[in-house]
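S.K.: Submitted below is the structure of interest, expressed as C-alpha coordinates.
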(Lines of atoms letter the chains of each structure in order from A and count residues from 1; the text may use other names and numbers.)
(Lines give C-alpha, C1' and ligand atoms only; values in the text may rest on other atoms or scores of the structure.)
Protein backbone atom coordinates (compact mmCIF):
# COMPACT_ATOMS: atom_id res chain seq x y z
CA UNK A 1 0.00 0.00 0.00
CA UNK A 2 1.44 3.35 -1.05
CA UNK A 3 -0.89 5.73 0.81
CA UNK A 4 0.75 5.60 4.27
CA UNK A 5 4.18 6.25 2.77
CA UNK A 6 2.92 9.16 0.69
CA UNK A 7 1.03 10.64 3.62
CA UNK A 8 4.05 10.40 5.91
CA UNK A 9 6.28 12.03 3.29
CA UNK A 10 3.67 14.75 2.81
CA UNK A 11 3.43 15.37 6.55
CA UNK A 12 7.22 15.56 6.89
CA UNK A 13 7.62 17.97 3.98
CA UNK A 14 4.64 20.01 5.15
CA UNK A 15 5.96 20.34 8.70
CA UNK A 16 9.49 21.22 7.61
CA UNK A 17 8.40 23.83 5.07
CA UNK A 18 5.80 25.35 7.41
CA UNK A 19 8.35 25.56 10.22
CA UNK A 20 10.85 27.22 7.89
CA UNK A 21 8.29 29.72 6.63
CA UNK A 22 7.07 30.39 10.15
CA UNK A 23 10.60 31.12 11.33
CA UNK A 24 11.11 33.45 8.39
CA UNK A 25 7.71 35.14 8.59
CA UNK A 26 6.17 35.16 12.07
CA UNK A 27 2.78 36.74 11.51
CA UNK A 28 -0.45 35.80 13.24
CA UNK A 29 -2.49 36.13 10.03
CA UNK A 30 -0.23 33.63 8.29
CA UNK A 31 -0.45 31.25 11.25
CA UNK A 32 -4.25 31.45 11.25
CA UNK A 33 -4.53 30.85 7.51
CA UNK A 34 -1.97 28.07 7.63
CA UNK A 35 -3.69 26.26 10.48
CA UNK A 36 -7.12 26.51 8.89
CA UNK A 37 -5.96 25.35 5.44
CA UNK A 38 -3.80 22.54 6.81
CA UNK A 39 -6.66 21.33 9.02
CA UNK A 40 -9.02 21.38 6.05
CA UNK A 41 -6.52 19.49 3.85
CA UNK A 42 -5.86 16.94 6.58
CA UNK A 43 -9.56 16.35 7.16
CA UNK A 44 -10.26 15.91 3.44
CA UNK A 45 -7.27 13.58 3.07
CA UNK A 46 -8.29 11.44 6.04
CA UNK A 47 -11.86 11.29 4.77
CA UNK A 48 -10.73 10.20 1.30
CA UNK A 49 -8.45 7.58 2.87
CA UNK A 50 -11.06 6.27 5.32
CA UNK A 51 -13.98 6.24 2.88
CA UNK A 52 -12.98 3.08 0.94
CA UNK A 53 -12.08 1.29 4.19
CA UNK A 54 -15.36 1.96 5.99
CA UNK A 55 -18.14 2.82 3.53
CA UNK A 56 -21.25 4.41 4.92
CA UNK A 57 -24.22 2.03 5.24
CA UNK A 58 -26.58 2.67 2.37
CA UNK A 59 -30.17 3.46 3.18
CA UNK A 60 -32.49 0.45 2.84
CA UNK A 61 -34.71 0.59 -0.25
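Residue numbers (UniProt numbering): 1 to 61. Beta carbons are placed, not taken as given, at the ideal position from N, Cα and C, and that holds for glycine.
Give the DSSP-derived three-state secondary structure of residue 3 in the structure shown.
M.R.: Helix.
S.K.: To the nearest angstrom, report how far apart residue 5 and residue 37 are at their CA atoms.
M.R.: Going from the Cα of residue 5 to the Cα of residue 37 covers about 22 Å.
S.K.: Roughly how many angstroms lie between the CA atoms of residue 17 and residue 34, to the nearest whole one?
M.R.: Answer to the nearest angstrom: the Cα atoms are 11 Å apart.
S.K.: Could you check how far apart the C-beta atoms of residue 7 and residue 45 are, in whole angstroms? I think they sit under 8 Å.
M.R.: That belief holds up - the Cβ atoms of residue 7 and residue 45 are roughly 7 Å apart, short of 8 Å.
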